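Below is one structure; the comments refer to it alone.
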Amino acid sequence: MPDEPQKDQNAAAQRVAGSGDSDSITIPELERFVFRADRFTGEVVPRKLEPAEVARFLVERLTEKDSLKSFVQAEKVAAFYDTYEVGAKFRQFLDRAEDGDESVTRSVVIARTIGRSGTPDDIQFARHYYSYLVGRVESMVNYEEIIRLHEVLDLGDSSAELRQRLAAKLTSLEERKDSSDQARLEYLAFAETISESLDRAEKVQAVKDKMLQIPDRNQRIIEEIKAYLGIEYGYLEYLESWAAMRLRRETWGAHPSEQVLRPSTAPYREDVVSCLRGFLSEIEESGSLSEEEKEGARLKVLRAIKFFDGVVTEQEEFFLEKFEGAQADILANEGFLLP
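Below, the structure is given as structure tokens:
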């Protein structure tokens, strides 16, 4: 018999999944972002929306007929708003009927959306589908995307299937690498770029696990802030978005085991704001950061403080206004391409 939190999760997901029986939801900002994004606005998820309504939008509006591009955009939205409710609906789109590279990439993106913020059952489903998709990847884009899925699913060094598939691909490419310049470049891309990406996706898991196992809550949050800022941690291509998610979830509960279900309020928000504010002094006192790096980190932290409804001083607000159009930050309601 499932425990109470799991029953609550499943019930909430089913309520959202079944909400299509009522009038279809319309959120203009998401209509543009998911279905009509351009290269200028397609990376900045619309802010200040209600997560439950965002989940309802994604569940009601995405269908099996939608394009890879729309699902890529939907993944960004689901990740930013931690919409675990979409898992039940999005699982229906994964039917093992892929018929080409783009179709495989689309399924990888959908599995990643489910795996990043779904319920434990959804995550398990995504892991099973990952194993199936490993046998379908062919193109460089396929491999790039499935490596990101590997990291999102926290699989670490459980990569024997993918490594075997990659080894076979490399053998095939090596046999014909001297036949043309294009063949040689493709071989080098897989042998160097793809292999290194998989190495990093494996190794970053140990960093995440170590952070999650820190027993002191404030110290854990501080380390997550460092990872978000890229201070004292590498693997920024993976850790920045992961740490942003972790900081959002630190507002949900006191311990990672309690941070599975998004609450209607964020009862632990003040803890995160307090740690962010305390970290400002560490930035200023750092001997390893340049003045430019300190400025960027301070901007990122102050925006995060406001993102979590913390208060900034008049002087800090002046600093934020000075750089209002600079850098795009995840935990921010202002900045590059944001009003």
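Take the sequence shown: its letter number 21 is residue 21 in this note's numbering, and every next letter is one higher.
Beta carbons are placed, not taken as given, at the ideal position from N, Cα and C, and that holds for glycine.
Treat the numbers as computed from the prediction; the structure is a model and nothing was measured.
- Residue Ala74 holds the alpha-carbon nearest to the alpha-carbon of Leu62 among Glu53, Pro51, Ala74.
- When the five nearest sequence neighbours on each side are left out, the beta carbons in the same chain lying within less than 7 Å of the beta carbon of Glu316 are those of Leu302, in order along the chain.
- Inter-residue distance for Pro51 and Thr83 is about 7 Å (C-alpha atoms, whole angstroms).
- Per the DSSP secondary-structure output, Leu338 pairs in a beta bridge with Gly335.
- If you draw a straight line from the Cα of Gly253 to the Cα of Lys177, it comes to about 53 Å.
- Your pair Val137 and Tyr143 checks out as a contact, with CB atoms roughly 6 Å apart and the cut at 8 Å.
- Here Val272 has Ile221, Leu247, Glu250, Thr251, Phe308 as same chain residues with Cβ atoms under 7 Å from its own Cβ, once five neighbours each way along the sequence are excluded.
- Within 10 angstroms of the beta-carbon of Gly100 lie fewer than 16 other beta-carbons, which makes it exposed.
- Every unbroken stretch of the alpha helix (DSSP H) spanning 4 or more residues and falling wholly within the stretch 295-337 is given here in chain order: 314-322.
- Fewer than three Cβ pairs drawn from the stretch 78-94 and the stretch 35-44 lie within less than 8 Å of each other, which leaves the two stretches out of contact.
- A distance below 8 Å separates the beta carbons of Glu161 and Ser131.
- The beta carbons of Val204 and Arg165 sit no closer together than 8 Å.
- If you compare the alpha carbons of Asp329, Arg127, Gly310, Asp199 with that of Ala266, the shortest gap goes to Gly310.
- Contact annotation: the stretch 119-129 does not touch the stretch 178-190, with fewer than three C-beta pairs closer than 8 Å.
- The criterion of a C-beta distance shorter than 8 Å is satisfied by Leu49 and Glu29.
- DSSP places Glu43 in the coil class of the three-state scheme, outside both helix and strand.
- For Gln164, the uninterrupted alpha helix (DSSP H) segment begins and ends at 160-175.
- When the beta-carbon positions are compared, Leu58 and Val77 come within less than 8 Å of each other.
- The three-state reading of DSSP puts Asp178 in coil, since its state is none of H, G, I, E or B.
- Residue state for Lys48 is assigned as coil, using DSSP reduced to three classes.
- The residue from Leu331, Ile25, Glu53, Thr113 with its alpha-carbon nearest to that of Leu68 is Thr113.
- Residue range 68-81 is occupied by the alpha helix (DSSP H) that includes Ser70.
- Restricting attention to Ala201, Phe125, Gln182, Thr193, the CA atom closest to the CA of Gly156 is found in Ala201.
- C-alpha of Ser195 to C-alpha of Arg269: approximately 39 Å in a straight line.
- Between Phe35 and Ser70 a beta carbon distance of about 6 Å is seen, short of the 8 Å cut, so the two are scored as contacting.
- Shown here for Leu331: same chain residues with a beta carbon closer than 6 Å to its own, the five before and five after excluded, namely Ala244, Ala304, Phe307 in chain order.
- In the displayed model, Ala55 falls within a helix according to three-state DSSP.
- In the displayed model, Pro256 falls within a helix according to three-state DSSP.
- The three-state reading of DSSP puts Ala227 in helix, counting H, G and I together.
- In this structure, the straight-line span from the alpha carbon of Leu320 to that of Glu192 is close to 40 Å.
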